[in-house]
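Numbering (this note's numbering), first residue to last: 298 to 383. Written below as C-alpha coordinates is the structure these notes are about.
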(Lines of atoms letter the chains of each structure in order from A and count residues from 1; the text may use other names and numbers.)
(Lines give C-alpha, C1' and ligand atoms only; values in the text may rest on other atoms or scores of the structure.)
Protein backbone atom coordinates (compact mmCIF):
# COMPACT_ATOMS: atom_id res chain seq x y z
CA UNK A 1 0.00 0.00 0.00
CA UNK A 2 1.36 3.38 -1.02
CA UNK A 3 1.82 6.05 1.62
CA UNK A 4 -0.24 9.20 1.04
CA UNK A 5 1.64 12.12 -0.45
CA UNK A 6 2.50 14.82 2.05
CA UNK A 7 1.89 18.54 1.62
CA UNK A 8 3.58 21.52 3.23
CA UNK A 9 1.50 24.35 4.67
CA UNK A 10 3.33 27.60 3.96
CA UNK A 11 2.84 30.97 5.64
CA UNK A 12 3.31 33.93 3.27
CA UNK A 13 4.54 37.17 4.79
CA UNK A 14 2.54 40.37 4.44
CA UNK A 15 3.16 43.82 5.87
CA UNK A 16 -0.32 44.31 7.32
CA UNK A 17 -1.35 41.37 9.51
CA UNK A 18 -0.28 42.06 13.11
CA UNK A 19 2.43 39.71 14.35
CA UNK A 20 0.46 38.78 17.46
CA UNK A 21 -2.51 37.75 15.33
CA UNK A 22 -0.27 35.53 13.18
CA UNK A 23 1.10 33.88 16.34
CA UNK A 24 -2.44 33.34 17.66
CA UNK A 25 -3.54 31.66 14.40
CA UNK A 26 -0.42 29.46 14.32
CA UNK A 27 -1.03 28.35 17.90
CA UNK A 28 -4.75 27.77 17.38
CA UNK A 29 -4.89 26.10 13.97
CA UNK A 30 -1.53 24.33 13.94
CA UNK A 31 -1.15 23.67 17.69
CA UNK A 32 2.30 25.27 17.77
CA UNK A 33 3.81 26.39 21.06
CA UNK A 34 4.32 30.11 21.65
CA UNK A 35 8.04 29.74 20.80
CA UNK A 36 7.39 27.67 17.67
CA UNK A 37 4.73 30.11 16.46
CA UNK A 38 7.02 33.10 16.98
CA UNK A 39 9.87 31.38 15.11
CA UNK A 40 7.60 30.61 12.14
CA UNK A 41 6.25 34.18 12.10
CA UNK A 42 9.76 35.73 12.28
CA UNK A 43 11.11 33.40 9.57
CA UNK A 44 8.22 34.31 7.25
CA UNK A 45 8.82 37.99 8.02
CA UNK A 46 12.54 37.72 7.20
CA UNK A 47 12.39 35.34 4.22
CA UNK A 48 8.93 36.02 2.82
CA UNK A 49 7.68 32.47 3.44
CA UNK A 50 7.97 29.74 6.05
CA UNK A 51 6.85 26.12 6.14
CA UNK A 52 4.49 25.76 9.09
CA UNK A 53 3.94 21.99 9.09
CA UNK A 54 3.52 18.95 6.85
CA UNK A 55 0.30 16.92 6.59
CA UNK A 56 -1.60 14.69 4.21
CA UNK A 57 -3.17 16.73 1.41
CA UNK A 58 -6.70 16.98 2.85
CA UNK A 59 -5.46 18.05 6.28
CA UNK A 60 -2.96 20.54 4.83
CA UNK A 61 -5.56 22.16 2.57
CA UNK A 62 -8.15 22.34 5.35
CA UNK A 63 -5.75 23.91 7.83
CA UNK A 64 -4.39 26.38 5.25
CA UNK A 65 -7.93 27.45 4.33
CA UNK A 66 -9.07 27.79 7.94
CA UNK A 67 -5.97 29.81 8.89
CA UNK A 68 -6.37 32.09 5.85
CA UNK A 69 -10.09 32.52 6.62
CA UNK A 70 -9.25 33.52 10.21
CA UNK A 71 -7.29 36.45 8.78
CA UNK A 72 -10.00 37.35 6.27
CA UNK A 73 -12.58 37.41 9.07
CA UNK A 74 -10.52 40.17 10.73
CA UNK A 75 -9.86 42.00 7.46
CA UNK A 76 -6.20 40.92 7.23
CA UNK A 77 -4.47 39.63 4.09
CA UNK A 78 -3.03 36.66 6.02
CA UNK A 79 -2.29 33.87 3.53
CA UNK A 80 -1.38 30.22 3.86
CA UNK A 81 -0.79 27.98 0.83
CA UNK A 82 0.00 24.31 0.32
CA UNK A 83 2.39 22.52 -1.98
CA UNK A 84 3.56 18.92 -2.33
CA UNK A 85 6.56 17.93 -0.29
CA UNK A 86 9.36 16.78 -2.58
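All C-beta atoms, glycine included, are put in the ideal place defined by N, C-alpha and C.
Check	Outcome
Strand pairing of residue 305, partner residues [DSSP]	351, 380
Proximity winner among 320, 328, 304, relative to residue 357 (alpha-carbon distances)	304
Residue 376 versus 328, 318, 383, 382, residue with shortest Cα-Cα distance	318
Nearest residue (CA-CA) to residue 380, options 330, 359, 372	359
Nearest residue (CA-CA) to residue 382, options 298, 369, 351	351
Contact set for residue 313: own chain, Cβ-Cβ below 8 Å, skip 5 residues either direction	373, 374
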